[in-house]
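Colleague: A single structure is presented below for examination.
Residue numbers (mature numbering (1 follows the signal peptide of the UniProt record, and there is no 0)): -25 to -1, 1 to 176.
What follows is the structure, encoded as structure tokens:
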């Protein structure tokens, strides 16, 4: 099967991130403004058959929400999104795992980290405003517990973080969008999110 690039979770957890603050009560972001400028998959067509790997513990805890998110995104009209499960993390364009926050992520319930396989045998973090090979979604159940996230809030977190894999940025607080940061009861892409994805893809 040849040399397998190693996927090292510790590499991600050691990263320091410059997290943008959540926008406060402003207008909704539409079209190109709704995406990381210059960011996204190196080859946009990978989203037509997005290869994904979910760790067993993430499946056990969040599997229903992950499947629901895949169903929501793949049923957007006019956008050809599909998903294919693979056996190894280094074959995937989307990796979903849960882990514990070591303090690096400021209590976030989850985060999408874009990464690049081209320079090292591990998935190396790259900038949100650049092209990436893989989107790694880290879920932090410990932070969710500490912040009192109920099942609906957890469901929203999954859909939200997968939205970042499509290069969607945070929408301002008060906007009707799954891409607003923090707790929410929105558990599927809204008409605004759908319109933005249709614009790009």
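From the three backbone atoms N, C-alpha and C, an ideal C-beta is built for every residue, glycine too.
1. Going by DSSP, name the residue or residues bridged to residue 107.
2. Can you check which of these residues, 18, 15, 65 and 13, is closest to residue 30 by C-alpha distance?
3. Give the C-beta separation of residue 85 and residue 113 to the nearest angstrom, bearing in mind that I take them to be a contact with Cβ-Cβ under 8 Å.
4. Would you say residue 67 and residue 27 are within 8 Å of each other, going by their C-beta atoms?
5. Who are the near neighbours of residue 176 in its chain, counting only those whose CB is closer than 8 Å to its CB and skipping five residues on each side?
6. Note down the Cα distance separating residue 100 from residue 2, rounded to an integer number of angstroms.
7. Here's the rule I'm using: 16 or more other beta-carbon atoms within 10 Å means buried, otherwise exposed. How should residue 14 be labelled?
8. For residue 169, I'd like the list of residues in its chain whose CB is within less than 6 Å of its CB, leaving aside the five on either flank, ordered along the chain.
9. Output the distance between the C-alpha atoms of residue 124 and residue 96, rounded to the nearest integer angstrom.
10. Under the DSSP definition of a beta bridge, which residues are partnered with residue 100?
11. Roughly how many whole angstroms lie between the Cα atoms of residue 177 and residue 152?
12. Using 10 angstroms around the beta-carbon of residue 121, count the other beta-carbons present and answer buried if the total reaches 16, otherwise exposed.
13. Measuring CB to CB, does residue 119 end up less than 8 Å from residue 135?
14. Residues in the same chain with beta-carbon distance under 7 Å from residue 137, minus the five sequence neighbours each way, listed in chain order, please.
15. State yes or no: is the C-beta of residue 139 within less than 8 Å of the C-beta of residue 162?
16. Under 8 Å, do residue 109 and residue 71 count as touching if we go by C-beta distance?
Modeller: Checking against the coordinates, here is how it stands:
1. 16
2. Looking at the Cα atoms, 65 is the closest of the given residues.
3. 6 Å
4. yes
5. 19, 22, 54, 55, 56 and 141
6. 31 Å
7. With at least 16 other beta carbons inside 10 angstroms of its own, residue 14 counts as buried.
8. 51
9. Spanning the two alpha carbons is a distance of roughly 36 Å.
10. 90
11. There is simply no residue 177 to check, as the chain begins at -25 and stops at 176 in what is shown.
12. exposed
13. Not in contact: residue 119 and residue 135 (Cβ atoms no closer than 8 Å).
14. 44, 48 and 112
15. Result no, Cβ atoms of residue 139 and residue 162 do not sit closer than 8 Å.
16. no
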